[in-house]
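In my numbering, the protein residues as written are 471 to 667.
We put the beta carbon where it would ideally sit given N, CA and C, even for glycine.
These notes concern the structure reproduced below.
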Amino acid sequence: MTREKPTSIGIVVTGASGGLLALETLHLIQRLKEDNPALESHAIFTKGGKRTCALELSDVQRGALYSLPDKSYDDTNLAAPIASGSNTLDALLFVPCSIRSLSAIAYSQTDRLSIRAADVMLKERRRLVLAVRESPLHAGHLQSMLTVSQMGGIIAPPVPAFYLQPESVEDMAKQTAARLLMLLGLDLGEHMKRWEG
């Protein structure tokens, strides 16, 4: 099945470690909007996501994180437009994705907006990418990943591309964010370094 380039992108920030990765992802979406003004970002910050970002990011970084999305929703708002298949996103990325969120998606426990939005993506056959941030993994984690993959989701742990010789944690986060957005179907152009052999 061929898919149109997405214009409506959802980002879910969960309680797993990786606030910088979420920030760099939203920064990159903003840069992509310069060439594609129709691109729109929607964000859900889970309770755990807010707590983790408060520990990992500076006040300035958190301010940017919360101001970058075009629209933001409370995770308890199951009446939000993105909770319905008739008004859904083109693509949804959980970055970082906690094991709690992964498991809830795998077993359709849609009591939160983030999980309901993911469920909608799966049932409507739209792109869902989970940057699962956990290690080591036990059989239950792996089974949940397999279940989501079998339903059409993409499991993409945020593994840095060391062959690009990143000079900082920020470089690793930027490259990983670019790779995740590429999986959503966005054209990254010059914003992503690629392996050249």
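Residue environment, residue i, which counts as buried when at least 16 other CB atoms sit within 10 Å
i, result
"residue 543", "buried"
"residue 586", "buried"
"residue 629", "exposed"
"residue 664", "exposed"
"residue 545", "buried"
"residue 519", "buried"
"residue 549", "exposed"
"residue 530", "exposed"
For residue i, the nearest candidate out of the options (CA to CA)
i, options, result
"residue 582", "660, 600, 553", "553"
"residue 490", "520, 640, 661", "640"
"residue 532", "539, 548, 523", "523"
"residue 610", "576, 600, 584", "576"
"residue 657", "487, 502, 538, 551", "502"
"residue 488", "636, 644, 614, 549", "644"
"residue 539", "500, 590, 616", "500"
"residue 567", "642, 615, 635, 505", "615"
"residue 558", "530, 525, 588", "588"
Close-in-space but distant-in-sequence residues of the same chain around residue i (CB under 7 Å, 5 per side omitted)
i, result
"residue 595", "622"
"residue 647", "491, 494, 495, 498"
"residue 592", "598, 621, 622, 623"
"residue 521", "485"
"residue 579", "585"
"residue 547", "583"
"residue 555", "590, 593, 594"
Other residues of its chain near residue i: CB distance less than 8 Å, five sequence neighbours each side excluded
i, result
"residue 633", "665"
"residue 584", "482, 484, 514, 516, 545, 564, 571"
"residue 626", "599, 600, 601, 602, 649, 650, 653"
"residue 619", "625"
"residue 505", "659"
For residue i, the residue or residues it bridges with in DSSP
i, result
"residue 424", "The requested residue 424 is not part of the displayed model; the chain covers only 471 to 667."
"residue 669", "The structure shown does not extend to residue 669, since the chain is modelled only from 471 to 667, so the question has no answer here."
"residue 530", "DSSP lists no partner for residue 530."
"residue 624", "599"
"residue 561", "479, 597"
Contacting residues, own chain, Cβ-Cβ under 6 Å from residue i (five flanking each side not counted)
i, result
"residue 541", "512"
"residue 471", "Confidence at residue 471 is low in this model, with a pLDDT of 42, below 50, so the placement of that residue should be treated as unreliable; the coordinate-derived value is given next. Excluding positions up to five away in sequence, the list is empty."
"residue 642", "630, 636"
"residue 527", "489"
Chain C contact for residue i (CB, 8 Å cutoff)
i, result
"residue 480", "You won't find chain C in this structure, because it holds only one protein chain."
Would you be able to state if there are at least three C-beta pairs under 8 Å between the region 476-483 and the region 505-512? yes
At least 3 beta-carbon pairs within less than 8 Å: the region 599-606 vs the region 569-587 | yes
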